[in-house]
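The opening position of the sequence shown corresponds to residue 1 in the numbering used here, with each subsequent residue numbered one higher. For each residue, glycine too, the CB sits at the ideal point set by N, CA and C. The structure presented is a predicted model; accordingly, all values stated were derived computationally and were not measured. In what follows, a structure is listed as structure tokens, so that the remarks can point back to it.
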Amino acid sequence: MDNIISFIEQYSVYFSIICVSLLSFFVSLPKDLNPLSAIELIFKQIAKKVNLEDRSDSYKRLASLLSISLIYFPIIIIISQLYNIVFQPIFIDILILFIMLSWHDKKLVYMQVSRALKDNKLAQAKFKLSTVTQRDTKPLSLMGVNKATIESMVLQLSASWFAVIFWYLAIGIYGAIFYRTVQICAQQWNAKDEHFKTLTAIPSLLYTLMIFPVHLLMSLTFSLYDKPIKNIPLKFKQSLLWHHFSSGLMLSTFAIGMQLELGGVRLYQNKKMTYPSLGNGNAPNIEKIELSLQRLSLSAWFWLICFTAYTFFPFLNDFMQF
1 MDNIISFIEQ YSVYFSIICV SLLSFFVSLP KDLNPLSAIE LIFKQIAKKV
51 NLEDRSDSYK RLASLLSISL IYFPIIIIIS QLYNIVFQPI FIDILILFIM
101 LSWHDKKLVY MQVSRALKDN KLAQAKFKLS TVTQRDTKPL SLMGVNKATI
151 ESMVLQLSAS WFAVIFWYLA IGIYGAIFYR TVQICAQQWN AKDEHFKTLT
201 AIPSLLYTLM IFPVHLLMSL TFSLYDKPIK NIPLKFKQSL LWHHFSSGLM
251 LSTFAIGMQL ELGGVRLYQN KKMTYPSLGN GNAPNIEKIE LSLQRLSLSA
301 WFWLICFTAY TFFPFLNDFM QF
């Protein structure tokens, strides 16, 4: 028994990620019980108080930094104290990671959109999609809903699952919490909304910098499903035309691997924006939504398998030599 406890302690990071990752595929907290919902509400309320027309730009930028600090540092203080009283710190990491990781809840929404489209309930599909994207969904055609659903799925899961895993491995639980705080802030004060243009400048920049390496790693992961060397020029050409290079590269790589086309015209708060086309295939049909979710699931499993191999390779190498 002591040997098992020592083994778990030695590989606590690994067991934390594996346990929570597997759990996140099948279970999610109800939105009303998830502490992240409270953080979203706090950022919304802060915006109402400080994002006023008579406030200067410098005031709004300072307020955005203080807002992130107001959320982040109290959480860190509470967690650091909890580590001192729990029997095993791994339980704290598992609980916090489970709260931050978002897969099952988003998967349910995208599956609901897919089922509504298959049942020819386009209006219901648009309503479900509007809960996970900032774009206006009412004017979308069937093809537009298919595109928007796949784009949203790739962007949302990369931001709320893959990125949390990445920053937990890179920095630890405090780094993952900081990333999630910045991500929620940038999401609530969306840069595509002119009303938040100044307030969200610093949070959006922080989020862009933190999500950059995640998008690159996901692009490498998605490239395993196509001809990576052959398609490099096309991917870089398309991503350079996108508003963010990293997200453009990720979406372009995903679209090429799935043989479909993403991008195009969209509306944000009735403002028309034209994005370049990504991929080299045809406009996606309804079946591509579930296939895209399967591709993302395979990519998540690939990350976990690579992490397992990296963690236990020295252990297995020593065992084989013995």
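Going by beta carbons, Leu249 and Ser219 fall inside the 7 Å limit. Its chain contains Tyr110, Val113, Ser114, Leu117, Asn146, Thr149, Ile150 and Met153 as the residues whose beta carbon lies nearer than 8 Å to that of Ile289, once the 5 sequence neighbours on both sides are disregarded; these appear in chain order. When DSSP reads this structure, Leu262 sits in a beta bridge with Leu278. Shown here, Tyr268 sits in a strand according to DSSP, grouped into three states. Rounded to the nearest angstrom, the gap between the Cα atoms of Leu52 and Ser16 is 43 Å. Apart from the 5 residues on each side of it in sequence, Thr253 sits with its Cβ closer than 6 Å to the Cβ of Ser219, Phe222, Ser223 and Lys235 in its chain, given in chain order. Ranking Lys126, Gln10 and Thr181 by CA distance to the CA of Tyr72 puts Thr181 first. Straight-line measurement puts the Cα of Ile165 at about 17 Å from the Cα of Thr208. By the Cβ rule, the stretch 293-313 counts as touching the stretch 155-162, because three or more pairs are nearer than 8 Å.
Taking a contact as a CB-CB distance under 8 Å, the pair Ser246 and Ile211 counts as one, their CB atoms being some 7 Å apart.
The alpha-carbon separation between Ile256 and Tyr225 amounts to approximately 9 Å. Between Ser277 and the set Thr311, Glu261, Ile286 and Pro284, the nearest pair of CA atoms involves Glu261. The beta carbon of Ala163 is closer than 8 Å to those of Tyr179, Gln183, Met210, Ile211 and Val214 in its chain, skipping five residues each way along the sequence.
Comparing C-alpha distances from Ile286 to each of Ser102, Lys107 and Asn120 shows the shortest one belongs to Asn120. Per DSSP, the beta bridge partners of Met273 are Arg266. In this structure, Thr198 keeps its C-beta atom at 7 Å or more from the C-beta atom of Asp54. Judged by DSSP in its simplified three-state form, Asn120 adopts coil rather than helix or strand.
Within the stretch 148-236, the complete alpha helix (DSSP H) runs of at least 4 residues fall at 163-170, 173-188 and 201-223.
Phe127 and Gly263 have their C-alpha atoms some 20 Å from each other. Inter-segment contact for the stretch 88-105 and the stretch 126-140 is absent: fewer than three beta-carbon pairs are separated by less than 8 Å. In this structure, the CA atom of Phe307 is about 8 Å from the CA atom of Tyr14.
With contacts defined by Cβ atoms closer than 7 Å, Phe43 and Cys185 form a contacting pair. Trp242 sits away from Ala47, with the two beta carbons spaced by 7 Å or more. Around the beta carbon of Val20, 16 or more other beta carbons sit within 10 angstroms, so the residue counts as buried. The three-state reading of DSSP puts Thr308 in helix, counting H, G and I together.
Distance from the CA of Ile305 to the CA of Trp103, rounded to the nearest whole angstrom, comes to 18 Å. Here the alpha carbon of Asn84 sits roughly 28 Å from the alpha carbon of Leu66.
In the three-state scheme derived from DSSP, where H, G and I count as helix and E and B as strand, Asp93 is classed as helix.
The beta carbons of Lys192 and Gln124 sit no closer together than 7 Å. The C-beta distance from Leu29 to Ile99 rounds to 7 Å, short enough to meet the 8 Å contact threshold. In the three-state scheme derived from DSSP, where H, G and I count as helix and E and B as strand, Asn84 is classed as coil.
At the C-beta level, Ile78 and Tyr174 stay beyond 7 Å of one another.
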